[in-house]
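The structure appears right after this line, and notes come after that.
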Amino acid sequence: MRLCTLRDEADLREIWRVCFGDPPTYIDYFFENRFDPQNTVCLEEHGRIPAAMHIVPY
């Protein structure tokens, strides 16, 4: 496990799409306005991100 980086964003977007089924407009909103790689922990396996946890402060 490690902190995510901006390079991981494509994998993180795909995880979000598959797991939650949100429309692309919401996914874009989240990653443009709420996503902070320093508040996101991800698991990396074979150069891919199969799981992540976003810690979004209120």
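Letter by letter, the sequence shown follows residues 0 to 57 in numbering that gives the first Met the number 0. Positions of the beta carbon are idealized from the N, C-alpha and C atoms, including for glycine.
Own chain residues within Cβ distance below 6 Å of residue i, not counting five before or after
{"i": "I54", "result": "N38"}
Contact under 8 Å by Cβ, residue i with residue j
{"i": "D10", "j": "R47", "result": "yes"}
Inter-residue CB distance, residue i and residue j (contact presumed, cutoff 8 Å)
{"i": "P36", "j": "L5", "result": "6 Å"}
{"i": "R1", "j": "E43", "result": "6 Å"}
Beta-bridge partners of residue i, as assigned by DSSP
{"i": "C41", "result": "R1, A51"}
Close Cβ partners of residue i (< 8 Å) along its chain, the five nearest in sequence each way excluded
{"i": "I26", "result": "R12, W15, R16"}
{"i": "F34", "result": "E8, L11, H53"}
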